[in-house]
Structures are given as structure tokens and as C-alpha cells.
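Data first, discussion second: the structure below is written as C-alpha cells.
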Amino acid sequence: MLTIQNLKSKIAQSPYQAYVYSYPHKTAYRPISPPVYLPELWAQQDRQALFLYIHIPFCEMRCGFCNLFTTVSHNEDFMSQYVRTLQRQAQRMKAVLGNASFARFAIGGGTPTQLPIQHLETILNIAESTMGAKLQEIPISVEVSPETATEDKLKLLRSHAVDRVSIGVQSFIDSEVLATQRRQSTTQVEATLTRIKEMGFPTLNIDLIYGLPGQTVNSWLQSIQATLGFQPEEIYLYPLYVRSLTGLGRTDREWDDIRLACYREGRSLLLSEGYTQVSMRMFRRLEEEQSSNLSPSSPSSPSSSSSPVYCCQADGMIGLGCGARSYTNTLHYSNEYAVGAKGISEILQAYIQTADESFDYAHYGFQLNAEEQRRRYILLSLLSDEALNCASYRQQFGSEVYADFPEFSEMLALNLAIKDEDILQLTEFGIERSDTIGAWLFSEKVQELMQDYELK
Numbered sequence: 013m014l015t016i017q018n019l020k021s022k023i024a025q026s027p028y029q030a031y032v033y034s035y036p037h038k039t040a041y042r043p044i045s046p047p048v049y050l051p052e053l054w055a056q057q058d059r060q061a062l063f064l065y066i067h068i069p070f071c072e073m074r075c076g077f078c079n080l081f082t083t084v085s086h087n088e089d090f091m092s093q094y095v096r097t098l099q100r101q102a103q104r105m106k107a108v109l110g111n112a113s114f115a116r117f118a119i120g121g122g123t124p125t126q127l128p129i130q131h132l133e134t135i136l137n138i139a140e141s142t143m144g145a146k147l148q149e150i151p152i153s154v155e156v157s158p159e160t161a162t163e164d165k166l167k168l169l170r171s172h173a174v175d176r177v178s179i180g181v182q183s184f185i186d187s188e189v190l191a192t193q194r195r196q197s198t199t200q201v202e203a204t205l206t207r208i209k210e211m212g213f214p215t216l217n218i219d220l221i222y223g224l225p226g227q228t229v230n231s232w233l234q235s236i237q238a239t240l241g242f243q244p245e246e247i248y249l250y251p252l253y254v255r256s257l258t259g260l261g262r263t264d265r266e267w268d269d270i271r272l273a274c275y276r277e278g279r280s281l282l283l284s285e286g287y288t289q290v291s292m293r294m295f296r297r298l299e300e301e302q303s304s305n306l307s308p309s310s311p312s313s314p315s316s317s318s319s320p321v322y323c324c325q326a327d328g329m330i331g332l333g334c335g336a337r338s339y340t341n342t343l344h345y346s347n348e349y350a351v352g353a354k355g356i357s358e359i360l361q362a363y364i365q366t367a368d369e370s371f372d373y374a375h376y377g378f379q380l381n382a383e384e385q386r387r388r389y390i391l392l393s394l395l396s397d398e399a400l401n402c403a404s405y406r407q408q409f410g411s412e413v414y415a416d417f418p419e420f421s422e423m424l425a426l427n428l429a430i431k432d433e434d435i436l437q438l439t440e441f442g443i444e445r446s447d448t449i450g451a452w453l454f455s456e457k458v459q460e461l462m463q464d465y466e467l468k
């Protein structure tokens, strides 16, 4: 329940209790009975500006902090089976959607560039030839890693009009990277980033993590300075979250909490270097923002800009692949989720054995009633620099924010947000507590489902 006492209690704790980036959380998903027939579901949606997302669940290594749906247990035969299954799913989904068009496209994972180049090309062809996405006309983002972003794969991506490459570097300090059970060297990272820059991708995004074992505020700033040397258009600063069933989560280590100090110093440095803050985690170079006129799309309208800010949480998303999620305004659905190797393997095997007709149904997910739709809209708006526009909320839902959630105004009293006419925006203090505020906005139903979820 949204109460001032509840929020005060959360604010008094560490800002880093749980990672909040969307709503509802995937651990609130459950089996759907009876399954939802997708042609009927998508017939009720605007299908003229969809987001196509393809998930590749393969990595060269399992990082100690990672709780994503990905596996290192694979060979080329298994990858071939996965790609063939994805092709079957795409064919069924294209029939479901009928005359649809796509405003953006992303390949995530895992690590898409872990695929052999012929399979990576097949994935691009699935998007273009099977799904009908016009790759030369829409923003395209692909996740890569230092080890797999080879020259031939980068050339392939560039030839298919990929304009955004995102790479998880995490740290430029070798000892910090090693402590996360990640194999990469700073020399390798620098060579890969140089290669990406030379290829001329319009947008380079670099991910960094603060709070790593052995990290200090000074070494954290060294990593940011090294990042700035490559002039990335986007930088994401992620706090380390140590989660169940991950490599770091299995250790007995006590974590020194320097994360808030790292966040503040990192934010200050990036702002002084000409970056603007989009959310708690995302920073964009100011001249890039001004020249491209990029603006965050509203949670309910993923195509409100011709070149929307990269985001994989908007409604109107078609997810293909075993770990992908799809979003309509009333239903979020996916396959089941796991972190442990055994659970992931079982889910992947079930996906590969899925009969064609089964792809026409949503079997697992979360159905959003009117209240959950409102909470989602508020959360996605408020946690970005877009802010919560109360007039837009009124137009969308036919009601007032403060009438629907009267406790919401208490954020003003706690200096978490400021109100300017119809705009409610997080303060600097509120932004750094985004994950706390986000969790506070979860409904009781979602919180109960998350607490009862048994992680595989």
C-alpha cells in the first residue's frame, strides 16, 4: 500500500534494495489459464509502430553479477536449433500481426554476437524478411561484448543499418573485472571500443557497474574517465546488485556499500563533461541529444518520436526468442524465467520443442487491470527525465493522479519530487532513490506475487 510511513521507512534504508526498471516485474508472471489467443489480443492493439525485440540467450561466460536468462552451455548445433525455432516463432507471429509495421528493433541477450556470423545474419534476415521490419529506416540496437564484437560481425551489423551498439564493459580495472568472475582485459576492451568507433556506429553505449568487489570511488572515477576517452553517446551507470543464484550471490562476502558515493561522484563527473541525465542509470551526451532531437517516448506510445530513445519496456513490443517478453496495454507475456543453469536448460529445451501452433498463444505472463496500467504509466514516466505529466495521465485514464493515488503527494514532503503546474518530476535526491520509489509504487498484488515466486 502507498503510505507515507512505508515510504519513509524505505527511504531510510539503502537506496539499493532491488533493481527497478519496468512494471510489473517478471517474477510477478504466472501461468495463464486458459492461454490467451494472440491473434485476438493483438487485433485490439495499434500495430503501426511496434518495437521488435529478439532475444539471444548465449554468452561466452557467466558474469558473477548476472541474473539474466542466458547460458554458456551451448554449441553450434544447439544454436542452430534455437535459430530455427526462432524462425518458426517469427513466422507464426507475423501471421498473428498481419499488416503491422515496426518503429524500432533491438537484439539483446545474453550476447547476440556470441552467435556465429551466419546465424547472426539469419537473425537480421528474420527481422527484415519474415517480420517485415524496414531495417534501413528504423533505429536498431544490438548488444555486444568485448570478446565477440569481431570486425566481421560489426561489419555485418553496420551493413544492416544497425545504428546503436551497446557494450558491457563494467570496469576498466582488470582486478575489479576479475573479481566479478568475468574474463576480459582492459587491452581487449580498448581494442574493441576502438574498432566500434572506427566502424562509424552513430551511437555507442557503454555500461559500467559501481560497487564491485575491491572497487573504490577513485578507481570508479578512473573507469569513467577511461570511458570518456571513447566519447560514447550514451553511458549507463549501474549499481551492483548481488542476487540469488548468481556467482557473487553464492559467496559469503560482506559488501562494502560505497555505491551511493560512487553514484554521486560519477553523476557529477558526467554532468561536468557535457552529459545529461535521462534516468538514475542513463546519461546521454548533450550535443547528441540536441542534434538528434531524441526524446523519451511515453510509456503508452512507443513511437512518439521518429527516433525514440532506446528502451525495451514500452507497450507495443513483440518479443521473439526464449527469454523475450512481449507487451500490450493489457497483457505482458513470455516464457518462464530462470537464473540457475538447470532451470535455463529446461526452459530452452521446452522452447525448441514448442509446436508451431503453440506460438499462437500466451501461456505465461501478467494481465494488467486498470489500476496496474495506471501504476505502470506513473512508474515509467516518473523514473525518467520525461517526468509525470498529470494532464497526459488525465487524458489517458480519464481521472486525476492524486485522486487515484492520494498518498502520491507525500513524495513532495520528503523532497523526492517537485511539482510545477501539471508536471511531477523527481528531485536530485529522488532520482538517486529511483529504485526505492519504483518498488514503493508496486501494487500489493505484484509485491505478493514477487515474494511468493520461487526462483529456478
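Residue 13 is where the sequence shown starts when you use the numbering used here, and the numbers rise one by one after that. Just so it is clear, CB atoms sit at the ideal spot from N, CA and C, and this is done for glycine as well. Predicted model, so just to flag it, every value in this text is computed and none were measured.
Can you tell me whether residue i is helix, strand or coil according to DSSP?
| i | result |
| --- | --- |
| Glu188 | helix |
| Gly331 | strand |
| Arg116 | strand |
| Asn347 | coil |
| Thr258 | Because the pLDDT of Thr258 is 43, which lies under 50, any placement of that residue in the model is unreliable, and the number read from its coordinates should be weighed accordingly. Three-state DSSP puts Thr258 in coil, outside helix and strand. |
| Gln289 | strand |
| Tyr339 | strand |
| Lys146 | coil |
| Trp452 | helix |
| Ser307 | The predicted position of Ser307 is uncertain, since its pLDDT is 33 and thus under 50; a value taken from the coordinates is nonetheless stated next. Reduced to three states, the DSSP call for Ser307 is coil. |
| Ser315 | Its pLDDT being 31, under 50, Ser315 is placed unreliably in this model, and the value from its coordinates should be taken loosely. Reduced to three states, the DSSP call for Ser315 is coil. |
| Lys468 | coil |
| Ile270 | coil |
| Ser183 | coil |
| Arg100 | helix |
| Arg195 | coil |
| Pro151 | coil |
| Glu440 | helix |
| Pro124 | helix |
| Leu249 | strand |
| Ser157 | coil |
| Asp175 | coil |
| Asp434 | coil |
| Val458 | helix |
| Arg445 | coil |
| Cys324 | Residue confidence for Cys324 is low, a pLDDT of 48 falling below 50, so the modelled location carries little weight; the figure read from the coordinates is stated next. Coil. |
Apart from the five residues on each side of it in sequence, which residues of its chain come closer than 7 Å, Cβ to Cβ, to residue i?
| i | result |
| --- | --- |
| Ser26 | Asp269 |
| Asp434 | Asn401, Cys402 and Ala403 |
| Ala30 | Asp447 and Ala451 |
| Leu428 | Leu438, Thr439, Phe441, Gly442, Arg445 and Ile449 |
| Gln296 | Per the sequence presented here, residue 296 reads as Arg, with Gln not at that position. These residues qualify, in order along the chain: Glu245, Glu246, Tyr287, Thr288 and Val290. |
| Tyr49 | Asp372 and Tyr373 |
| Glu133 | Leu168 |
| Pro43 | His375 and Tyr376 |
Within its chain, find whatever has a CB closer than 6 Å to the CB of residue i; leave out the 5 residues flanking it on each side and keep chain order.
| i | result |
| --- | --- |
| Tyr345 | Ser338, Ala374 and Gly377 |
| Glu348 | Ile359 and Tyr376 |
| Lys468 | Ala350, Gly352 and Gly355 |
| Asn137 | none |
| Gln60 | Ser113 |
Using CA coordinates, which residue listed in the options is at the minimum distance from residue i?
| i | options | result |
| --- | --- | --- |
| Leu53 | Lys468, Leu424, Asn341 and Phe114 | Asn341 |
| Gln437 | Gly212, Ser396 and Ser284 | Ser396 |
| Thr82 | Gly121, Phe63 and Leu98 | Gly121 |
| Leu252 | Ala429, Arg293 and Gln237 | Arg293 |
| Ile23 | Leu426, Glu466, Lys431 and Gln459 | Leu426 |
| Asn111 | His86, Lys167 and Pro51 | Pro51 |
| Met469 | Tyr405, Ile443 and Gln234 | Residue 469 lies beyond the stretch modelled for the chain, which goes from 13 to 468, so this question has no answer here. |
| Phe117 | Leu127, Pro151 and Gln130 | Pro151 |
| Asp175 | Asp164, Asp368 and Glu155 | Glu155 |
| Pro158 | Phe420, Val181 and Ser357 | Val181 |
| Ile129 | Leu169, Tyr414, Ala203 and Ser357 | Leu169 |
| Gln408 | Ala382, Glu419 and Glu466 | Ala382 |
| Ser178 | Leu147, Val32, Thr123 and Glu149 | Thr123 |
Ordered along the chain, which non-local residues of its own chain (more than five positions away) have a Cβ less than 8 Å from that of residue i?
| i | result |
| --- | --- |
| Gln227 | Ser183, Ile185, Glu188, Ile270 and Cys274 |
| Glu299 | Gly286 |
| Asn18 | Trp452 |
| Leu233 | Glu277, Gly278 and Leu281 |
| Gln385 | Asn341, Thr342 and Phe409 |
Is any heavy atom in the ligand SAH found nearer than 6 Å to the beta carbon of residue i?
| i | result |
| --- | --- |
| Lys20 | Judged by which ligands are present, the structure shown has none, so any question about the ligand SAH falls away. |
(request) Jot down the residue ranges of each uninterrupted beta strand (DSSP E) in the stretch 17-91, minimum 3 residues, whole runs only, in chain order. (result) 42-49 and 62-68
(request) List in chain order: all unbroken beta strand (DSSP E) runs of 3+ residues lying wholly within the stretch 347-429. (result) 373-379
(message) Check whether the stretch 232-252 and the stretch 199-218 touch, using three or more Cβ-Cβ pairs below 8 Å as the test.
(response) yes
(message) Under 8 Å, with one C-beta from each stretch per pair, do the stretch 138-146 and the stretch 96-111 reach the 3-pair mark?
(response) yes
(message) Threshold first: 3 residues or longer. Then list the beta strand (DSSP E) segments lying entirely within the stretch 198-236, N to C.
(response) 215-222
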